[in-house]
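Chains as they are written, first to last, in numbering that gives the first Met the number 0: chain W, 0 to 289; chain E, 0 to 262; chain R, 0 to 320. Structure first, then comments.
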Amino acid sequence: MISQLIIGGLASGSLYALIGIAIVLVLQATEVPNFAQGEMAMFATFVAYTLLATYGLSWWLVFPATLAFAAVQGVIVQQVVIRPLLGAPIINAVIATLGLNLALHSIAGMIWGNQTNVLTSPVAHLPVFQLLGVNVSPDSALTIIVSVAMIILFTLILRHTRAGIALRAASQNQSVAKLMGIAVSRSFAMAWAMGAMAGAVAGMLVAPILFLDVNLMGALLIKGFAGAVLGGLSSLGAVFVGGLLLGIVENLLGAYVSGTFSEALSFTLIIVVLIVAPNGIFGRVKSQKV
Amino acid sequence: MSTPDARASLAVQALGVSFGGVRALQDVTLAVDAGEIVGLIGPNGAGKSTLLNCVSGITRPTTGTVRLGDVELAGLRPDQIAAMGLGRVFQHPQVIAELSVLDNLLVASHRRLRFSVLAELVGLPGVRRAEDAARTEALEVARRIGLAGSLDVLTGSVPYGHRKLLELGRVILMGARLLLLDEPIAGLNEGEIEHLADLVLDLRSASGLSILLVEHNMGLVRRLCDRAVVLDAGQVIASGTPDAVLNDPRVLLAYLGEVPADA
Amino acid sequence: MVSPAIPAAARRDRLLVAAVAVFVGAMALFGGGYFVYLLNLIGIFSLVAIGLNILTGFSGQTSLGHAGFFAVGAYASGVLAQRFGLPFWLAIPVAGALATLIGAAIALPALRLKNLYLAIATLGFGIVTQKLIFEWRGVTGGGAGLQVPTPQLFGVPLAEGSRMTWIIWATLLAGTWAASQLASGRTGRALIMLRESEAAAGCIGIHVARYKVVAFALSAFYTAVAGGLYANLVRYINPESFSVNMSIMFLAMIVIGGLGSVRGALLGAAFYVAVPEAVRGFKEAPGLIFGISLMLVMILLPGGLISVFRRRKPARAAAAA
């Protein structure tokens, strides 16, 4: 029984981790917590739905197409909304992303209406299978596999490609990066593109499970933030573990303590953890020279 | 010359600070006697800031003691230490850009103004009187250090030199007996350096303040300091008069990486 | 010569609110019902904005959970009135006091947290509070909502919107007065110094922990009183409204108006109420217009709407206006 809960927790947790990664990629690069991440992902997921349902394309086409859309979306947001705000207090960018959040939510409502749509999962036809004596639904498995794959992919890009290394350099120290000829702006755009893609993947993974409507990502965004903060914002790995942990804890609390209060309890737990470890479980303090 | 204040003496004994596995300070012993100006020098990363942080209560020492007069400072909060008469001037002026120079100065009157938040909210007459008295005091200090003309100006628009003066004005207004000055002349032009150096000397002679001065500018150290202490990689490697210390081969080694042939 | 009188900024704050209050009073007497309704909301949310500004604008602690305090104020005063028959002018202050205690309690874990970590912790507070109100059905009525009895003053029911206007704006006037006292004095300077650098604040003699708690407590009080007024105005409250969305909108209000400015708080509240109302009619338009307005204001007016009025005096001190 408990292993069942853990698998389920890993599945939802990997979604939180994906959103968390999307947030932290952008946060580390441009210091902006993107509160529009959820709606951006929802938007991209609706695009995927349109391609699937209206145009009848297959997932093999829709997945990369949606990723491409998301990447463009990320770049546009960064160039149009975030770049003008460089140098202003971070809270201004936060409010701007909140504005974007609202605007996207409305636009999605205008385009696709408020009804609930069904997004068929690519693995819908597969049966539930058994792993180490535990029932695993194909959706859960897909979620975990794809999330982990994306995280590994991003980590590889950041560590081993020129663009990725440039991005890390730009995040660490903008002025030095500029002196070294690294196009800082381009790196930031790339960070936002990657974040948007991660979000879109999360959206495409969760929509088949939860039904697709404009309110899809609202709660997920909050969980993404919560998981990221729990793990600590200092590295993708920390965020990943934080998200997974949140998913598992939430599931366990829901089953063993209280179904209704699982979310509230999870948050309370996070606050308690933060009191003990103010920078998250794995967080490192960014010391400021006074 | 005013009588040196016993409270204005600093005694650091066998101070050690470790962060994780890194030993930022090791067995550091130094003293600033009442009315003295002691220079703290050393290459970047030597631990000077960590030392200042320990004395002012921002960092907790792992071992050793820090005494102001006969009071042990380790474990006290920064504001408690400030109340004992320790004033700190930071390397980068920690001033509020959106407030006027006067308001920034007045932050230093915080402890002297002894009314409660509730009294302030309600607007008891005592609050007004106390604030006015503080303003008058602040004006005095501003005149003394040369900031009287810019009191109403937004600190964000004020030149860098003025912001450094502002920091100095704060510790004077606080009534500090012992000052920690962290690279006070960095970023100043010659005229401003002269002005500040004169101020520092004046503070010592006229007010009997003691000063621990962190500096890279050796000329200033020679001019202002009675003694100098050299820190390198968290340890004290030399101590004595500025001339003695600046000619010490160990010090030259630490700074230059090698001892010049004519040392 | 340094002015011995009330600092100019505090004077400006009070003049503005007094002028607006006179205008509002006139509207309450002669204006139409819809207009009065908007004015009531602006008054209430201005109070929230001032409160949140003390925490986020002055002491720099970002809260994403202030709907929680708003809810505590609304529900505490509602329950006290409905169940225990307390008159509103008692119920609201008591609710405020309760919220102040909660705010002080929240501040303690917040002492160690910074930036996004603090924001998420406050987010958690808001979520937990909303959930508790939802589930504590016996007391709050849960999802069915709570009916708040009509407030009465000297036997006169304040059922008409315009009657509440006097109460709301009188409270706002008092609140603004107190806040501008704070802003231009010792506590205001201490809070802003906290925001600037905790280390420097400590070294200059400011008890950092105490002032962080003071900021939270005061902020909670203002917001809860506003919540109490809200409950007495709309007379039916439901936990669904006190959501994360509301907390976020509160934050947007003060940033739009101008962070750290008492007058900015009023502007922000007016913006928050007026803009969606202005485009009412089209279903999705309010969200879209409001969202775009948020982005535009941030890009074009980083100092908030109040910076439009500040432009005339660039170098002269605006102090903690």
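C-beta atoms are modelled at their ideal positions from N, C-alpha and C, and glycine is treated no differently. What you are looking at is a predicted structure, and each value in this text was computed from that prediction instead of being measured.
- Can we say the stretch 82-92 of chain R touches the stretch 213-227 of chain W, given the rule of at least three CB pairs closer than 8 Å? no
- Message: Tell me the DSSP secondary structure of Asn39 of chain R in three-state form.
- Response: helix
- Near Ala10 of chain E, which residues of its chain fall below 7 Å by C-beta distance, leaving aside the five closest residues on each side in sequence? Ala30, Arg66
- Message: Give me, in chain order, the residues of the same chain whose beta-carbon lies closer than 6 Å to that of Leu125 of chain W; leave out the 5 immediate sequence neighbours on both sides.
- Response: Pro137
- Item | Proximity test, Cβ basis, 8 Å: Val93 of chain R and chain E | No, Val93 of chain R lies away from the interface with chain E (no Cβ there is under 8 Å from its Cβ).
- Query: Any contact of the stretch 200-212 of chain W with the stretch 25-44 of chain W, i.e. 3+ C-beta pairs under 8 Å?
  - Reply: yes
- Going by alpha carbons, who is nearest to Ile298 of chain R out of W:Leu215, W:Arg82, W:Ile247, W:Ala263? W:Arg82
- Task: Could you say which of R:Gly226, R:Val272, R:Gly280, R:Leu232 lies nearest to Phe69 of chain R if we only look at CA atoms?
- Result: R:Gly226
- Query: What do you get for Phe128 of chain W, buried or exposed, if any count of 16 or more other CB atoms within 10 angstroms of its CB means buried?
  - Reply: exposed
- Message: Taking the alpha carbon of Ala227 of chain E as the reference point, which residue from E:Met217, E:Gln234, E:Gly239 has its own alpha carbon closest?
- Response: Check the Cα spacing between Ala227 of chain E and each of E:Met217, E:Gln234, E:Gly239: the tightest is with E:Gly239.
- Could you list the residues in the stretch 110-130 of chain R with a C-beta less than 8 Å from some C-beta on chain E, going in chain order? none
- Hey, is Pro124 of chain E's beta-carbon within less than 8 Å of any beta-carbon in chain R? By this cut-off, Pro124 of chain E is not an interface position.
- Task: Determine, using beta carbons only, whether Met173 of chain E comes closer than 8 Å to chain R.
- Result: yes
- Below 6 Å CB to CB, which residues in the same chain sit around Thr149 of chain R once its five sequence neighbours on both sides are set aside? Pro156, Ala158
- Query: For the beta strand (DSSP E) that Ala13 of chain E lies in, which residues bound it at each end?
  - Reply: 9-18
- Message: Can you check which of these residues, E:Met83, E:Gly218, E:Glu193, E:Glu182, is closest to Ser268 of chain E by C-alpha distance?
- Response: Nothing in the structure corresponds to residue 268 of chain E, since chain E is present only between 0 and 262.
- Show which residues of chain B have a CB atom less than 8 Å away from the CB atom of His206 of chain R. Given the protein chain composition of this structure (W, E and R), no chain B is represented.
- Minimum Cβ-Cβ distance from His215 of chain E to chain R less than 8 Å: At a cut-off of 8 Å between beta carbons, His215 of chain E makes no contact with chain R.
- Message: Against chain E, which members of the stretch 174-189 of chain R pass a CB distance test of less than 7 Å?
- Response: Those residues of the stretch 174-189 of chain R that come within reach of chain E (Cβ to Cβ, closer than 7 Å) are Ala177, Gln180, Leu181, Gly184, Arg185, Thr186, Arg188, Ala189.
- Could you check where the alpha helix (DSSP H) with Leu89 of chain R kicks off and where it finishes? 87-109
- Task: Please decide whether Asp225 of chain E counts as near chain R, where near means a Cβ-Cβ distance under 8 Å.
- Result: Answer no: the Cβ-Cβ gap between Asp225 of chain E and chain R never drops below 8 Å.
- Query: Which chain R residues are close to Leu120 of chain E, counting only those with a beta carbon under 7 Å from its beta carbon?
  - Reply: Ala177, Gln180, Leu181
- Could you name the residues of chain R that Glu130 of chain E contacts, counting a contact when the two beta carbons are closer than 8 Å? Those within 8 Å of Glu130 of chain E in chain R are Gly184, Arg185.
- Message: Measuring only the C-alpha atoms, how far is Leu24 of chain W from Val207 of chain R?
- Response: 32 Å
- Query: From the beta carbon of Gln90 of chain E, is the nearest beta carbon of chain R less than 8 Å away?
  - Reply: no
- Item | Where the alpha helix (DSSP H) through Asn91 of chain W begins and ends | 89-111
- Query: From what residue to what residue does the beta strand (DSSP E) around Gly145 of chain E run?
  - Reply: From DSSP, Gly145 of chain E is part of no beta strand (DSSP E); its letter is neither H nor E.
- Message: Just verifying my parser: in three-state terms, what is the DSSP assignment at Pro156 of chain R?
- Response: strand
- Item | Minimum Cβ-Cβ distance from Leu85 of chain W to chain R less than 8 Å | So, not an interface residue.
- Query: Buried or exposed: where does Val275 of chain W fall if 16 or more other Cβ atoms within 10 Å of its Cβ makes it buried?
  - Reply: exposed
- Query: Taking 7 Å as the line, does the beta carbon of Val250 of chain E fall inside it for any heavy atom of the ligand MG?
  - Reply: Absence of the ligand MG from the depicted structure is noted, as is the absence of any ligand whatsoever, leaving it without description.
- Message: Across the stretch 57-73 of chain R and the stretch 116-128 of chain R, are there enough close Cβ pairs to call them in contact, namely three or more that are closer than 8 Å?
- Response: yes
- Task: Report the residue ranges of all alpha helix (DSSP H) runs contained in full by the stretch 49-110 of chain E; include only those spanning at least 4 residues, in chain order.
- Result: 77-82, 100-105
- Return yes when the Cβ of Ser108 of chain E is within less than 8 Å of the Cβ of Ala340 of chain E, no when it is not. Any answer about residue 340 of chain E is impossible in this case: the structure gives chain E only from 0 up to 262.
- Are there 16 or more other CB atoms within 10 angstroms of the CB of Ser1 of chain E, so buried, or fewer, so exposed? In this predicted model, Ser1 of chain E has a pLDDT of only 45, less than 50, meaning its place in the structure is not dependable enough to derive any value.
- Where His161 of chain E falls, given that 16 or more other Cβ within 10 Å makes a residue buried: buried
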